[in-house]
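The numbers in the working numbering rise by one with no breaks, and the one at position 45 of the sequence shown is 713.
C-beta: ideal position from N, C-alpha, C; glycine also.
Contents: one structure, followed by commentary.
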Amino acid sequence: MLGVYELKKIDLLKDVFISAYERSAARYAAVRQSLGEPDPFRLRYREQLREIIGHLICDLAWAARTPPCG
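Here it is in structure tokens:
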């Protein structure tokens with residue numbers, strides 16, 4: 669940072685930024701490849717699945733709090 673601040677050599681900062689960016693892009697590519705392709709069914713019905721699962725969880729939680737019938 670001394671070279672950037674006092675000597676006004678932004679090339680050093682540029683090299684650090686480019687190196688970090690390339691490393692980040694390589695990590696992202698590796699993670700993306702390991703995950704594979706997204707499930708088209710889940711993508712298409714994402715909101716509906718979220719809503720249904722939310723209702724199920726709320727209903728089960730509500731049923732667990734109420735006293736048993738009979």
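Within its chain, find whatever has a CB closer than 6 Å to the CB of residue i; leave out the 5 residues flanking it on each side and keep chain order.
i: G738; result: Any answer about G738 is weak, because its pLDDT of 41 lies below 50 and its placement is not dependable; what the coordinates show is given next. None.
i: E719; result: none
Could you check whether the Cβ of residue i sits closer than 9 Å to any Cβ belonging to chain C?
i: L680; result: Here chain C cannot be found, since the structure has a single protein chain.
The alpha helix (DSSP H) with residue i in it runs from where to where?
i: G722; result: R714 to R733
i: K682; result: I678 to L703
Less than 9 Å separating the beta-carbons of residue i and residue j?
i: R710; j: L717; result: yes
When every heavy atom of the ligand GTP is checked, does at least one fall within less than 8 Å of the C-beta of residue i?
i: S687; result: The ligand GTP is absent from the structure shown, which contains no ligands of any kind.
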